[in-house]
Amino acid sequence: MLVRKLQRHVNGLEKKLKDIENLIGLQVINLCKSEERMTDAVKALVNVFEELDKHSEHNAQASFLLFIKLQQNTLKSEILSVDIEVFHCHSRNNSKSCS
Numbered sequence: 085m086l087v088r089k090l091q092r093h094v095n096g097l098e099k100k101l102k103d104i105e106n107l108i109g110l111q112v113i114n115l116c117k118s119e120e121r122m123t124d125a126v127k128a129l130v131n132v133f134e135e136l137d138k139h140s141e142h143n144a145q146a147s148f149l150l151f152i153k154l155q156q157n158t159l160k161s162e163i164l165s166v167d168i169e170v171f172h173c174h175s176r177n178n179s180k181s182c183s
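Numbers 85 to 183, taken from the working numbering, label the letters of the sequence shown in order.
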């Protein structure tokens, strides 16, 4: 049981390594192995992109909330407009029905 669990873990790590290799290329990986500054630069780039992803997600959420708020305000305006029309209709035609 433990051997199977460890084998799955190793397979998962190998897959992640292969994905990283495909993403940044074997040349960059080899350069990172030989040059510590390159490793630091790649880590800094990863941090920048992660931060941009956070901001992007935050901006998407803010845009969605703004859209919902605008929809609510539009709906309130439409309801108010209908209420005003009904009020004017009733005040002009006291006994007649309005459409």
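Beta carbons: idealized from backbone N, C-alpha and C, even for Gly. If you're wondering where the values come from, they're calculated on a predicted model, not measured in any experiment.
Between which two residues does the alpha helix (DSSP H) containing residue i stretch?
i, result
"G96", "86-108"
With respect to 7 Å, is the separation between the Cβ of residue i and the closest non-hydrogen atom of the ligand MN below this value?
i, result
"H139", "Ligands are entirely absent from the displayed structure, and the ligand MN is therefore not among its contents."
Ignore the nearest five residues each way along the sequence and tell me which others in residue i's own chain have a CB closer than 6 Å to its CB.
i, result
"M122", "L115, C116"
Can you look up residue i in the DSSP assignment and give me helix, strand or coil?
i, result
"E119", "coil"
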